[in-house]
Amino acid sequence: MTVNRLENPAADALRALKEKRYEQALESFLETDTALKNDKDLRLLLQITQLLVAVKSEIATVEPDNELLIEEVFSGGQTDYS
Amino acid sequence: MNRIDTLRSLESTLESFLTRAVCLYESQTGVCEGVNRLSDIASNSDNMSKLTEQIGNWFAEHREWATGDTILSADRSRINKALSSIQNRLTEDQNASPAINKIVTEIDRWRTNDPAPQQTKEPDRQTIVLRRGPEMVNGKEADSIGAFSHLFDRVTNLYHDASGNKKHIMSVLDDTLKSASLQRNRDALVLSAFIIYHLKLNGYKVSPFVKRLKEAERAVRGDL
C-alpha cells in the first residue's frame, strides 16, 4: 500500500510528514480512524508526530523571538540587505 | 546543554526519525501489497492471456523491489511459490505465444537471481567457525580508505535526509550546522564543511557559515 492508495487522511498525513508540515500531519492522522486501529506503524507515526508538535510548541514558548538565521546570499558573493 | 538546546536536539532527533520511518513505512507497505497482488494473480486467473497480461504488469510495477535484496525471506518465499504456480500454468500450453515465453523467461530470471532457493537446497548442515584475531590498536590507521569510505556513505545518507524537502542548499546547510552544534554530530560537521566549501567555490559569501562551523566544531570536540 503506497501513500496514494491509503485512505485519504492517512495518505495526507504521510504526505505532510514527508514535507515536514507536522501540524497538518497530526490533524490528518486524527481524522484517520480505520487505518490507525489496524496499523500499529501508523499509530507510532501519530504518537511521534504528537510528541514533535509538543516539542515545537514548547520551543516556541521558551524562545519566543525565534528568528531564521539564514542569510540570503546571491551568486557572486553579493548579499542582499534590503 | 541548557533547556532550549535539549529541546532543539530532541526536535531534530524526532524529525530525523519521522523522515526515516515514513520512507520505511512506504517501502514495506509497497512490498506487502505487491506480494498479495501476486498471490491473487496466481490463484484467480483462469484465462491464459489475462494471466500473461497481469503477470507482465506485475513485473513492470514491482520489479524494482522484487529483484532487490531487501525483501524478507517470508515474502521471498511467497513470491517464489506464486511464480512457480504461474510458470507451471503458462508452460502447459505447447504453442505458447511470444508474450508467454517472455514472461516464462522473466520468471526464470527472477528465480535464478533469488538467493532463497540456494539456501534451502543445501543438503548438509554446515558449521561455520568464526575465529577472532588479536585486538589491533592501530586498526584505524591501517584502513584509512575504508574508514573514509564509511564516513562518505554516512555523510551521503545524511545529505539525502537533510535535503529531502529543501528548496536551497543553504537551508540544508542550516540544518546540518544545527545538527552538528546541538547533537554534536561529527558527520553533520563534515557535511557542513563540505557544503560551505562548495558554496565558496561557487562565489557565495560564506563567512557567517564558517563562523557557525567553528562553533559547531568546538561543540563536537566538547569545548562548549
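The listed protein sequences correspond, in order, to chains A and B. The numbering of the first sequence is the working numbering, which starts it at 1 and goes up by one. The numbering of the second sequence is the working numbering, which starts it at 1001 and goes up by one. Built from N, CA and C at the ideal position, the CB exists for glycine as well.
First and last residue of the uninterrupted alpha helix (DSSP H) at residue i
{"i": "Val-1035 (chain B)", "result": "1003 to 1044"}
{"i": "Ser-1149 (chain B)", "result": "1144 to 1163"}
{"i": "Val-1190 (chain B)", "result": "1186 to 1201"}
{"i": "Asp-1174 (chain B)", "result": "1169 to 1182"}
{"i": "Glu-19 (chain A)", "result": "Note, Glu-19 (chain A): premise wrong, no alpha helix (DSSP H); not H, not E."}
{"i": "Ser-1097 (chain B)", "result": "Here Ser-1097 (chain B) belongs to no alpha helix (DSSP H), and DSSP marks it neither H nor E."}
{"i": "Val-1220 (chain B)", "result": "1207 to 1221"}
{"i": "Thr-49 (chain A)", "result": "40 to 62"}
is_contact[residue i, chain A] using C-beta, thresh 8 Å
{"i": "Gln-1007 (chain B)", "result": "What sits at residue 1007 (chain B) in the sequence shown is Leu, not Gln. Chain A contact via Cβ: present."}
{"i": "Tyr-1025 (chain B)", "result": "yes"}
{"i": "Glu-1215 (chain B)", "result": "no"}
{"i": "Arg-1125 (chain B)", "result": "No answer about Arg-1125 (chain B) holds up, because its pLDDT of 49 lies below 50 and its placement is not dependable."}
{"i": "Phe-1017 (chain B)", "result": "yes"}
{"i": "Arg-1078 (chain B)", "result": "no"}
{"i": "Leu-1014 (chain B)", "result": "yes"}
{"i": "Val-1022 (chain B)", "result": "yes"}
{"i": "Arg-1003 (chain B)", "result": "yes"}
{"i": "Gln-1119 (chain B)", "result": "Bear in mind that the predicted position of Gln-1119 (chain B) carries a pLDDT of just 45, short of 50, making it too unreliable to give a figure here."}
{"i": "Leu-1010 (chain B)", "result": "yes"}
When the options are compared against residue i, the one with the closest alpha-carbon
{"i": "Lys-1214 (chain B)", "options": "B:Ala-1147, B:Ala-1193, B:Leu-1173", "result": "B:Ala-1193"}
{"i": "Asn-1047 (chain B)", "options": "B:Val-1031, B:Asn-1036, B:Arg-1089, B:Thr-1013", "result": "B:Arg-1089"}
{"i": "Lys-1102 (chain B)", "options": "B:Thr-1052, B:Ile-1145, B:Ile-1079, B:Glu-1092", "result": "B:Thr-1052"}
{"i": "Gln-1087 (chain B)", "options": "B:Ser-1009, B:Leu-1038, B:Gly-1034", "result": "B:Leu-1038"}
{"i": "Arg-1184 (chain B)", "options": "B:Asp-1223, B:Glu-1033, B:Asp-1108, B:Tyr-1159", "result": "B:Asp-1223"}
{"i": "Gly-1164 (chain B)", "options": "A:Lys-18, A:Asn-8, A:Ala-11, A:Asp-12", "result": "A:Lys-18"}
{"i": "Leu-1083 (chain B)", "options": "B:Gly-1056, B:Asn-1095, B:Ala-1099, B:Leu-1151", "result": "B:Gly-1056"}
{"i": "Leu-51 (chain A)", "options": "B:Ser-1049, B:Gly-1034, B:Gln-1028, B:Phe-1017", "result": "B:Phe-1017"}
{"i": "Pro-9 (chain A)", "options": "A:Glu-27, A:Glu-23, A:Lys-20", "result": "A:Glu-27"}
{"i": "Glu-1033 (chain B)", "options": "B:Leu-1182, B:Asn-1002, B:Arg-1078", "result": "B:Arg-1078"}
{"i": "Thr-32 (chain A)", "options": "A:Arg-21, A:Ala-16, A:Asp-12, A:Ile-48", "result": "A:Asp-12"}
{"i": "Ser-1181 (chain B)", "options": "B:Phe-1209, B:His-1168, B:Lys-1205, B:Gly-1203", "result": "B:Phe-1209"}
{"i": "Glu-1026 (chain B)", "options": "A:Asp-39, A:Val-62, A:Gln-24", "result": "A:Asp-39"}
{"i": "Thr-49 (chain A)", "options": "B:Asp-1075, B:Glu-1061, B:Ser-1012", "result": "B:Ser-1012"}
{"i": "Ile-1169 (chain B)", "options": "B:Leu-1191, B:His-1150, B:Ser-1149", "result": "B:Leu-1191"}
{"i": "Val-62 (chain A)", "options": "B:Lys-1205, B:Ala-1216, B:Asn-1002, B:Lys-1167", "result": "B:Asn-1002"}
{"i": "Asp-1075 (chain B)", "options": "B:Gly-1030, B:Ser-1207, B:Lys-1166, B:Lys-1205", "result": "B:Gly-1030"}
{"i": "Glu-1217 (chain B)", "options": "B:His-1150, B:Asp-1187, B:Ser-1097", "result": "B:Asp-1187"}
is_contact[residue i, chain B] using C-beta, thresh 8 Å
{"i": "Thr-49 (chain A)", "result": "yes"}
{"i": "Asp-12 (chain A)", "result": "no"}
{"i": "Lys-40 (chain A)", "result": "no"}
{"i": "Leu-52 (chain A)", "result": "yes"}
{"i": "Leu-45 (chain A)", "result": "yes"}
{"i": "Val-55 (chain A)", "result": "yes"}
Cβ-heavy atom distance, residue i to the ligand NAD, below 7 Å
{"i": "Ile-1195 (chain B)", "result": "In terms of ligand content, the structure shown is empty, and the ligand NAD therefore cannot be addressed."}
**Message:** Taking contact to mean 3 or more Cβ pairs, one atom from each stretch, closer than 8 Å, check whether the region 1006 to 1016 of chain B and the region 35 to 55 of chain A are in contact.
**Reply:** yes
**Prompt:** Looking at chain B, which residues of the region 11 to 34 of chain A have a Cβ within less than 7 Å of any of its Cβ atoms?
**Reply:** Leu-14, Leu-17, Lys-18, Glu-19, Lys-20
**Prompt:** Which residues, in order along the region 1159 to 1173 of chain B, keep a beta-carbon less than 9 Å from a beta-carbon of chain A?
**Reply:** Gly-1164, Asn-1165, His-1168, Met-1170, Ser-1171, Leu-1173
**Message:** With a threshold of 8 Å, are at least 3 pairs of Cβ atoms found where one atom belongs to the region 1013 to 1028 of chain B and the other to the region 30 to 45 of chain A?
**Reply:** yes
**Message:** Check whether the region 1193 to 1205 of chain B and the region 1161 to 1177 of chain B are in contact - that is, three or more C-beta pairs closer than 8 Å.
**Reply:** yes
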